[in-house]
Every structure is written in C-alpha cells, then in structure tokens.
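**Q**
In the working numbering, the protein residues as written are 104 to 387.
1) Give the DSSP bridge partners of residue 251, in chain order.
2) Measuring straight from C-alpha to C-alpha, what distance separates residue 300 and residue 184?
3) Use the C-beta contact count for residue 291: other C-beta atoms within 10 angstroms, 16 or more gives buried, fewer gives exposed.
4) Taking the alpha carbon of residue 212 as the reference point, which residue from 175, 204 and 171 has its own alpha carbon closest?
5) Relative to the C-alpha of residue 71, which candidate in 280, 313 and 287 has its C-alpha closest?
6) Quick check: what's the CA-CA separation for residue 346 versus residue 235?
7) Kindly indicate which three-state DSSP category residue 309 falls into: helix, strand or coil?
8) Leaving out the 5 sequence neighbours to the left and right, which residues in its chain are closer than 6 Å to residue 53 when beta-carbon positions are compared?
9) Quick check on the burial criterion: 16 or more other C-beta atoms within 10 angstroms. Buried or exposed for residue 379?
10) Please report how far the alpha carbon of residue 255 lies from the alpha carbon of residue 240, in whole angstroms.
11) Rounding to the nearest angstrom, what Cα-Cα distance links residue 232 and residue 193 in this structure?
12) For residue 278, which three-state DSSP category applies?
13) Can you name, in chain order, every residue of its own chain whose Cβ lies under 8 Å from the Cβ of residue 355, other than the five neighbours on each side?
14) Using the C-alpha atoms, what's the distance from residue 196 back to residue 306?
15) Under 7 Å: does the beta carbon of residue 259 sit that close to some heavy atom of the ligand HEM?
16) Among all the DSSP beta bridges, which residues are the ones paired with residue 266?
17) Throw me the rounded Cβ distance for the residue 264 and residue 221 pair, which I believe falls under 8 Å.
18) Determine which residues share a DSSP beta bridge with residue 294 and list them.
19) Beta-carbon within less than 6 Å of residue 282's beta-carbon, same chain only, minus the 5 sequence neighbours each way: which residues are those?
20) Given that a residue counts as buried once 16 or more other Cβ atoms are within 10 Å of its Cβ, and exposed if not, what is residue 176?
21) Compute the distance between the beta-carbons of residue 198 and residue 373, then report whether it is under 8 Å.
22) Can you give me the start and stop residues for the beta strand (DSSP E) that residue 356 sits inside?
23) So what does residue 283 bridge to, in DSSP terms?
24) Any idea if residue 242 is buried or exposed, counting beta-carbon neighbours within 10 angstroms, 16 or more meaning buried?
So this is what it looks like as structure tokens:
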C-alpha cells in the first residue's frame with residue numbers, strides 16, 4: 104500500500120525531546136545487530152521509514168499482506184495460545200523522531216505448528232500506541248510452514264494516514280537465507296527470558312509527528328473552571344458516530360450523510376472518523 108507523500112523532517116530538537124520522553128524506558132541489552140530507531144533518535148540522526156508496500160528499492164515483496172489476513176480482529180495486546188512465550192515491544196516514530204500516539208497496530212501470525220486460524224481470531228489482535236508511542240504485544244513464537252521463515256505480520260495506521268503493511272523477522276533463523284520475502288531491515292532484536300523470549304522493534308512511519316505541547320498554567324484557585332464540551336454533542340460531520348464510544352464489529356453509524364459498518368472493534372477517537380479510517384469502517 105502506498106504511503107503518504109514524503110515529508111522532510113522538521114527542525115526540532117530530537118535529542119532534548121526524546122531523552123525526556125524515553126528516560127523512563129531503559130533499553131535492554133539484546134542479542135542481534137539490528138539498531139533500534141530510538142538509538143538514532145538519541146544521536147539526533149534522521150530516521151528512515153520502515154519498508155512498506157509501494158516503497159522504492161524493491162521492498163514491496165517483503166511487506167506483502169499474504170493470504171492469511173482477516174479484518175475485524177479483537178482489541179487486545181495479548182494473543183493467548185500454546186507455545187513458547189514471546190513479548191514484542193517498542194515505539195512507533197514519525198520520520199522527525201517524534202513518537203506517534205494512537206497508532207493502530209493489527210497483528211496476526213501462525214500458531215506453534217505454522218497454521219493460521221481462518222475460522223476465528225486465534226493469534227490475531229489489534230492495539231493502539233499510548234501517549235508516548237509505545238506498544239507491547241504478548242504472544243508466542245510462531246511456527247514454521249513451507250516456504251517461509253519465522254515471522255509476524257502487522258498493519259499500522261497513524262490517525263488520518265495511509266496503512267503500512269509489513270512483517271518482522273527473527274535473527275539466526277536458517278530459513279532467513281532461503282525465504283524470498285525476508286528483509287534484514289525488519290529483524291527484531293531477540294533475547295531469551297527464562298523459558299520464553301523478549302523482542303524489541305521500533306517502527307518508523309512516513310509521517311511527521313507533532314511534539315506534545317506543554318500544559319498551560321494552573322488557573323488561580325477561585326477562577327471559574329472552563330465549561331466542558333457536552334459528551335453527546337454531535338460530531339463535526341453530523342450523524343450518529345461519536346468519539347469516545349466503543350464500537351463492536353458489525354455496528355453501523357452515520358457520518359457526513361453516509362452510513363458505515365464497523366469492521367474492527369475499537370473505541371472511537373477524534374481523528375478516527377469513519378471516512379478517513381478504512382481499517383476500522385466500511386462505507387455501505
């Protein structure tokens with residue numbers, strides 16, 4: 104899938120901003136030679152977008168969706184099932200080194216035997232990055248199946264931006280040398296943790312992020328509080344869609360004179376209006 108048009112990184116102080124943002128999240132020493140995007144951030148280096156479909160340089164095959172994607176995955180960060188425990192964590196950055204909040208990450212993978220659940224949603228789930236651009240997935244190490252090395256699938260979408268479809272890979276896998284879709288730039292850092300494994304990977308989207316603004320001054324004790332926006336006020340586009348409402352797959356809403364069906368359960372956010380988030384809403 105194509106990304107939005109390229110943007111030049113804005114002139115912000117990456118070092119001062121990111122040190123404040125990431126100081127509470129120490130980077131573990133992991134096996135593997137893949138540098139994390141946050142390391143470049145700390146050095147003040149520009150970031151390159153994670154490879155995605157439509158990128159130049161022959162990267163499209165390595166990020167193909169494949170035949171096993173299903174829409175409407177459940178909202179969850181833990182994918183329960185039998186196998187070797189795996190946790191994957193990291194950040195989603197914009198090209199200007201700003202972490203991106205509320206990015207949708209939709210993961211799917213094979214089970215321990217290399218099979219995909221096409222009847223239900225085993226080892227499928229979506230989540231959103233937090234206010235500091237962090238995500239964390241708890242799952243199992245996927246099994247192997249003919250023609251492929253070990254990998255995870257994921258779709259990412261920042262608010263109001265195109266979808267990035269990509270895959271991540273495990274270092275030291277013999278099939279990395281024979282899988283035609285394998286891309287070393289998508290290697291996770293992986294280490295053993297007891298009987299399981301821990302992995303880290305930082306995604307970089309072709310999006311210019313906006314640094315969080317500083318909170319305003321605290322009003323004097325006797326000053327009147329601002330009048331809150333009524334929670335049930337109609338959305339800007341008109342219709343029944345409401346930010347802050349939890350929608351289940353199959354629910355229908357109206358927005359801007361059109362009707363939409365929810366294809367992934369989620370809690371609606373400002374910036375995720377139905378016309379601009381095709382990963383969540385289908386016009387009917």
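Yeah, the Cβ is synthetic: ideal placement off N, Cα and C, and Gly gets one too.
**A** Taking the geometry as given:
1) Here residue 251 refers to the residue found at position 148 of the chain shown. According to DSSP, which records beta bridges pairwise, residue 251 is partnered with 248.
2) Here residue 300 is taken as the residue at index 197 of the chain shown, counted from 1. Here residue 184 is taken as the residue at index 81 of the chain shown, counted from 1. Residue 300 and residue 184 have their C-alpha atoms roughly 15 Å apart.
3) Locating residue 291 in the chain shown gives position 188, where the first residue counts as 1. Taking every protein chain shown into account, the CB of residue 291 has 16 or more other CB atoms within 10 angstroms, so this residue is buried.
4) The count along the chain shown starts at 1 and reaches residue 212 at position 109. Each of 175, 204 and 171 was checked against the Cα of residue 212, and the nearest Cα belongs to 171.
5) This structure does not reach residue 71, given that the chain is present from 104 up to 387, and the question cannot be answered.
6) Looking up residue 346 in the chain shown gives position 243. Looking up residue 235 in the chain shown gives position 132. Rounded to the nearest angstrom, the two C-alpha atoms are 21 Å apart.
7) Residue numbering aside, residue 309 sits at position 206 when the chain shown is read from its first letter. Coil at residue 309, not helix or strand.
8) Coverage of the chain is limited to positions 104 through 387, which leaves residue 53 absent and any answer about it impossible.
9) Walking along the chain shown from the start, residue 379 turns up at place 276. By the neighbour-count rule (16 or more Cβ atoms within 10 Å), residue 379 is not buried but exposed.
10) As a first step, residue 255 must be located in the chain shown, where it is residue number 152. As a first step, residue 240 must be located in the chain shown, where it is residue number 137. Annotation: residue 255 to residue 240 spans about 11 Å, alpha carbon to alpha carbon.
11) Mapped onto the chain shown, residue 232 falls at position 129. Mapped onto the chain shown, residue 193 falls at position 90. Taking the straight line joining both Cα atoms gives about 10 Å.
12) Position 175 of the chain shown, counting from 1, holds the residue named residue 278. In this structure, residue 278 counts as helix in the three-state DSSP scheme.
13) Within the chain shown, residue 355 is the residue found at index 252, counting from 1. Around residue 355: 362, 363, 364, 365 and 387.
14) The residue labelled residue 306 in the question sits at position 203 within the chain shown. The residue labelled residue 196 in the question sits at position 93 within the chain shown. Taking C-alpha positions only, residue 306 is separated from residue 196 by approximately 6 Å.
15) Ligands are entirely absent from the displayed structure, and the ligand HEM is therefore not among its contents.
16) Position 163 of the chain shown, counted from the start, is the residue given in the question as residue 266. Residue 266 pairs with 260.
17) Locating residue 264 in the chain shown gives position 161, where the first residue counts as 1. Locating residue 221 in the chain shown gives position 118, where the first residue counts as 1. Wrong, their Cβ atoms sit about 29 Å apart, outside the cutoff.
18) As a working mapping, residue 294 is identified with position 191 in the chain shown. According to DSSP, which records beta bridges pairwise, residue 294 is partnered with 301.
19) By one-based count along the chain shown, residue 282 stands at place 179. Contacts found: 251 and 252.
20) Within the chain shown, residue 176 is the residue found at index 73, counting from 1. Burial is judged here by how many other beta carbons sit within 10 angstroms of a residue's own beta carbon; residue 176 has at least 16 and is buried.
21) Position 95 of the chain shown, counting from 1, holds the residue named residue 198. Position 270 of the chain shown, counting from 1, holds the residue named residue 373. Note that the C-beta distance between residue 198 and residue 373 is not below 8 Å.
22) Here residue 356 refers to the residue found at position 253 when the chain shown is read from its first residue. Run containing residue 356: 355-358, per the beta strand (DSSP E) assignment.
23) Locating residue 283 in the chain shown gives position 180, where the first residue counts as 1. Note: residue 283 sits in no beta bridge, so no partner.
24) Locating residue 242 in the chain shown gives position 139, counting from the first residue. So residue 242 ends up on the buried side.
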